[in-house]
Every structure is written in structure tokens, then in C-alpha cells.
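Chains as they are written, first to last, in my numbering: chain A, 2 to 110; chain B, 3 to 119. Every residue, glycine too, gets a C-beta built ideally from N, C-alpha and C. For clarity, every value in this text was computed on a predicted model and none was experimentally measured.
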Amino acid sequence: GIQVEQSPPDLILQEGANSTLRCNFSDSVNNLQWFHQNPWGQLINLFYIPSGTKQNGRLSATTVATERYSLLYISSSQTTDSGVYFCAVFGNAGNMLTFGGGTRLMVKP
Amino acid sequence: DAGITQSPRYKITETGRQVTLMCHQTWSHSYMFWYRQDLGHGLRLIYYSAAADITDKGEVSDGYVVSRSKTENFPLTLESATRSQTSVYFCASSESRVIGGDTDTQYFGPGTRLTVL
């Protein structure tokens, strides 16, 4: 099946800093989503982005499907951005959303 | 707009007992999914359903049973709970499975933390 790798696994930032999270996948995809899992465990949709670029406030995402990676940018980070960020993909041949291992982000005040 | 809800939120049971986790969505989404989240394994698909009375196995379906008699409900049953089924269970739904369309987006419930003693 399709492999999804996220980097870095852990990230500590000072409030106000910017960061880039990366998601690499091993095969062509027709669905890619970014999620934020907050400290209470809730999984929140950030972006549906199988290709191209989207922005939502301080967050933006870019997927380069031909090179099999996606990037999530967090600008001017806040403590409420803390949690785990997951990338998940549907491969072209499958019906399963495959999740990466996540990036655990801690934003310090 | 309640969205997608799960019950119970926390459950402790004993090995060998039958347990049913409930999932309800108010969006009339066609697709519903069950995942489990474990340390070291991330989220893995247990079962999914494309519509009422249509279900299919995911990556880790052994020991689980699902049904979908109504579009809005998708219960997950552990027929004889084992300690290895201690996990956090998430239900999700999506409007459809149109390849490349936003209706493919999955929305997750708050999760059920299950402990099997």
C-alpha cells in the first residue's frame, strides 16, 4: 500500500515563529488532507489539497503531486497551534485514507 | 448543527465482553468510517461504509463487526473484547467518494477511549 512519511516528528517553537511541516507519499494520490489533532484529541480538518496551494489565515498548504509531497506552513505560531499535525492520503488504487505518523508541535509562550 | 457524534466518550470493559460504540452524523453523508488510533501506529482504518447496507473491511478489521441500517448511524461492535483492542476509536464521514472532489473530505467525531481490562 501507499506509504506516508511526515517530518519532522517533533517540533518546538517559540510563539510568533514560522514553521514548515512536510508530508512525502510513495505513490500517486487523489485525495490529500491535513488535520490538526488538538491536545484534547479532536481531529480537525485543515485542508483538502490533492494538488495546488490553499491558504486559511495563518496556515497554508501546498501539494506538488508530481513530486509526491505536500507542505503545511504555519506562520506567526500561537500556543493554540500545539498538537499533532497529520497528513492523510487516498492512493489512486485504494479506498483507504492512509495516515502519516504525524508531527508533534509544541508552541511555547 | 451537531455534525458527527460518538458515544460513549469513555468506556472500560473486561476481556471477552461485547462492546458497541455508536456513531451518528447529521449531514446525510454517504460514506462513514471507523478508525483506531494507537501509539506507534497512527490512525488505521477498521471498516468503512459507502451507503446504508454497504460495508467493507479496512486494514485492521479482525474482531470487529459493523452494520449500517440507516444512513446516519454506523455502530462498531467488538464481539469479544481483547486487551489489544484498547485504543481510541474515531468515526468519520464524507459526503461522497468523487475522486478529486472536495466532497471526499473526511470529518471526524470526538473519539471514544476504550480500555479493555
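- At least one C-beta of chain A is nearer than 8 Å to the C-beta of valine 90 of chain B.
- Inclusion of leucine 116 of chain B and serine 86 of chain B in the CB contact set at 8 Å is not warranted, their separation being larger than that value.
- Bridge pairing for glutamine 8 of chain B: B:Cys25 [DSSP].
- Within 10 angstroms of the beta-carbon of threonine 104 of chain A lie 16 or more other beta-carbons, which makes it buried.
- In its chain, beyond the 5 residues on either side, Tyr49 have a beta carbon closer than 7 Å to the beta carbon of lysine 59 of chain B.
- A distance below 6 Å between beta-carbons, with the five flanking residues on each side excluded, links threonine 79 of chain B to the following residues of its chain, in chain order: Thr22 and Val67.
- Per DSSP, histidine 37 of chain A is one residue of the beta strand (DSSP E) stretching across 30-38.
- A:Cys88 is the residue among A:Arg59, A:Cys88 and A:Arg23 whose C-alpha sits nearest the C-alpha of glycine 101 of chain A.
- Taking each of B:Thr107, B:Ser30 and B:Gln20 in turn and checking the Cα distance to alanine 83 of chain B, the smallest one comes out for B:Gln20.
- Just measuring C-alpha positions, the residue of A:Pro9, A:Asn32, A:Pro10 and A:Ile3 sitting nearest glutamine 108 of chain B is A:Asn32.
- Interface annotation, threonine 28 of chain B: not in contact with chain A, CB-CB separation never under 8 Å.
- Here isoleucine 56 of chain B has Arg70 as same chain residues with Cβ atoms under 8 Å from its own Cβ, once five neighbours each way along the sequence are excluded.
- For isoleucine 45 of chain A, the closest alpha carbon among the candidates B:Ala94, B:Val118, B:Glu16 and B:Thr114 is that of B:Ala94.
- DSSP, reduced to helix, strand and coil, places threonine 114 of chain B within a strand of the structure shown.
- Close CB contacts of serine 8 of chain A within its chain, under the 6 Å cut and outside five residues either way in sequence, are with Arg23 (chain order).
- Taking all protein chains in view, the Cβ of histidine 43 of chain B is surrounded by fewer than 16 other Cβ atoms within 10 Å, so the residue is classified as exposed.
- Here glutamine 20 of chain B carries a coil assignment [DSSP, helix/strand/coil].
- According to the DSSP assignment, methionine 97 of chain A belongs to no beta strand (DSSP E), since it is labelled neither H nor E.
- Across the structure, tyrosine 37 of chain B and leucine 47 of chain B are spaced so that their CA atoms are roughly 4 Å apart.
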